[in-house]
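The structure appears below as structure tokens.
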Amino acid sequence: MDVDGETGTIQHHPPPPQRTQYTLHSGPPGPGAGSQSTDNFFLPDDTNIIATSPSTSAQQASSSGSTGAVSPPHQNGYTTSSSSGPSVQNNGSPAPGAAGPGSSYKSGSSGLLSNQPPPEYWCSVAYFELDTQVGETFKVPSSCPNVTIDGYVDPSGGNRFCLGALSNVHRTDQSERARLHIGKGVQLDLRGEGDVWLHCLSDHSVFVQSYYLDREAGRAPGDAVHKIYPSAYIKVFDLRQCYRQMQQQAATAQAAAAAQAAAVAGHIPGPHSVGGIAPAISLSAAAGIGVDDLRRLCILRLSFVKGWGPDYPRQSIKETPCWVEVHLHRALQLLDEVLHTMPIDGHRTLE
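So for the sequence shown, the UniProt record's numbering puts the first residue at 1; every next one is plus one.
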């Protein structure tokens with residue numbers, strides 16, 4: 001990944017393909033033949049090579065009872081049959097879509113962050129044109145660890161959200177033109193308990209608001225827009241990091257509550273106290289923390305084709321022609337747990 005931080009937009013390029021030398025042997029030499037011939041050639045590292053001997057093919061055909069190849073069931077372009085492990089590209093990184101059904105919520109060496117059962121849906125996706133939501137919110141079942149958001153007109157369902165099928169009587173020419181370039185869109189992959197990776201399948205870049213990428217780039221949360229180039233595959237959300245941020249803000253709020261209680265009791269004069277008695281103020285104001293601020297940690301925003309920020313005429317994602325907002329439900333579960341430990345005024349259970 002090549003990151004170029006200019007002003008407000010950080011560019012994320014796909015890694016360049018690397019050339020690896022392979023040697024092919026033409027087979028064992030026959031009687032009277034000379035030395036075994038070899039052929040050397042180069043292929044990009046992301047090229048999959050499957051070598052099948054004639055005897056193996058014959059055995060597979062006879063065992064299946066048919067001479068024709070039978071493809072395994074597919075879901076959104078990826079096989080749903082189980083394998084011995086996730087596929088890995090030659091560069092060592094897991095291939096896009098490698099996380100298969102049932103791979104989520106398996107505790108690693110550090111265990112799960114919560115004992116709650118996983119939510120029924122691991123994310124929900126809302127589509128917007130400018131500042132208006134178009135269509136219903138699309139929910140992705142936890143049984144489907146990846147979701148594709150594209151510009152085609154096929155009926156949405158399962159793990160595919162087709163934006164091309166959504167109508168809007170107030171659609172602008174700008175949105176109409178931008179929608180034509182969404183194409184294959186993006187794929188979001190759920191990994192582990194709640195990490196999310198993004199694969200740009202479109203021929204055009206997408207622009208992402210991600211607190212995780214902000215931190216990785218050394219920027220303040222919400223300070224940057226990240227331009228993800230076609231074919232790039234990049235992590236955009238880290239659940240453990242998000243949980244740590246929640247806990248840090250909870251500690252800040254609790255410290256503010258303790259200071260406020262002391263000021264009200266007259267032990268410590270508050271900044272607006274009269275005679276050592278401070279007027280009651282909301283904890284949210286004292287700590288500078290609100291529920292909406294914490295919810296933003298659990299949300300990804302993504303604009304197709306058009307960017308926003310200091311490098312563009314659009315200052316907000318709500319000025320872009322077509323974009324989506326992704327709510328991550330496992331993170332919201334953890335946030336609900338944290339909020340129960342924070343005496344924030346007006347606390348309500350998150351959906």
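Quick reminder that beta carbons are idealized off the backbone N, C-alpha and C, glycines included.
**Request:** Give me the Cα-Cα distance between residue 179 and residue 200, rounded to the nearest whole angstrom.
**Result:** Along the sequence shown, read from residue 1 onward, the residue named residue 179 stands at position 179. Along the sequence shown, read from residue 1 onward, the residue named residue 200 stands at position 200. Distance between the alpha carbons of residue 179 and residue 200: 15 Å.
**Request:** Could you name each continuous alpha helix (DSSP H) segment of 4 residues or more that falls completely within the segment 177–236, going from the start of the chain to the end?
**Result:** 211–216
**Asked** Under three-state DSSP, which class holds residue 169?
**Response** Against the sequence shown, residue 169 aligns to sequence position 169. Looking at residue 169 - three-state DSSP - the assignment turns out to be coil, as it is neither helix nor strand.
**Message:** Nearest by alpha-carbon distance to residue 227: which of 312, 339 and 175 is it?
**Reply:** Here residue 227 refers to the residue found at position 227 when the sequence shown is read from its first residue. Measuring from the Cα of residue 227, the nearest candidate turns out to be 312.
**Message:** To the nearest angstrom, how far is the alpha carbon of residue 10 from that of residue 241?
**Reply:** Position 10 of the sequence shown, counting from 1, holds the residue named residue 10. Position 241 of the sequence shown, counting from 1, holds the residue named residue 241. In this structure, the alpha-carbon of residue 10 lies about 20 Å from that of residue 241.
**Request:** Under 7 Å Cβ to Cβ from residue 408, same chain only, skipping five residues before and after it: list those, please.
**Result:** The chain is shown only over 1 to 351; residue 408 falls outside these bounds and no answer can be derived.
**Message:** Quick check on the burial criterion: 16 or more other C-beta atoms within 10 angstroms. Buried or exposed for residue 209?
**Reply:** The count along the sequence shown starts at 1 and reaches residue 209 at position 209. Residue 209 is buried by the Cβ-count criterion.
**Message:** Using the three-state DSSP reduction, which class does residue 120 fall into: helix, strand or coil?
**Reply:** Translated into positions along the sequence shown, residue 120 becomes position 120. Note: residue 120 maps to coil in three-state DSSP.
**Asked** Helix, strand or coil: how does DSSP classify residue 312 here?
**Response** As a working mapping, residue 312 is identified with position 312 in the sequence shown. Residue 312: coil per DSSP, three-state reduction.
**Request:** Determine the DSSP secondary structure at residue 256, reduced to helix, strand or coil.
**Result:** What you label residue 256 is simply residue 256 of the sequence shown in a count that begins at 1. Three-state result, residue 256: helix.
**Neighbourhood of residue 151 by C-beta distance below 7 Å, restricted to the same chain and skipping five residues each side** = One-based indexing of the sequence shown puts residue 151 at position 151. Once the five neighbours on either side are set aside, the close Cβ partners of residue 151 are 163, 164, 179, 182, 183 and 185.
**Item:** Other residues of its chain near residue 134: CB distance less than 6 Å, five sequence neighbours each side excluded
**Value:** Taking the first residue of the sequence shown as 1, we reach residue 134 at position 134. 127, 166 and 168, listed in sequence order.
**Request:** Just the C-alpha distance for residue 254 and residue 244, rounded to the nearest angstrom, thanks.
**Result:** The residue labelled residue 254 in the question sits at position 254 within the sequence shown. The residue labelled residue 244 in the question sits at position 244 within the sequence shown. If you take the alpha carbons of residue 254 and residue 244, they lie about 15 Å apart.
**Request:** Could you check what DSSP says for residue 131 in three-state terms: helix, strand or coil?
**Result:** Numbered from its first residue, the sequence shown carries residue 131 at position 131. In the structure shown, residue 131 sits in coil (DSSP, three-state: anything other than H, G, I, E or B).
**Request:** Would you mind sorting residue 120 into buried or exposed? The rule is 16 or more other CB atoms within 10 Å of its CB.
**Result:** Here residue 120 refers to the residue found at position 120 of the sequence shown. Counting Cβ neighbours within 10 Å, residue 120 comes out exposed, since fewer than 16 surround it.
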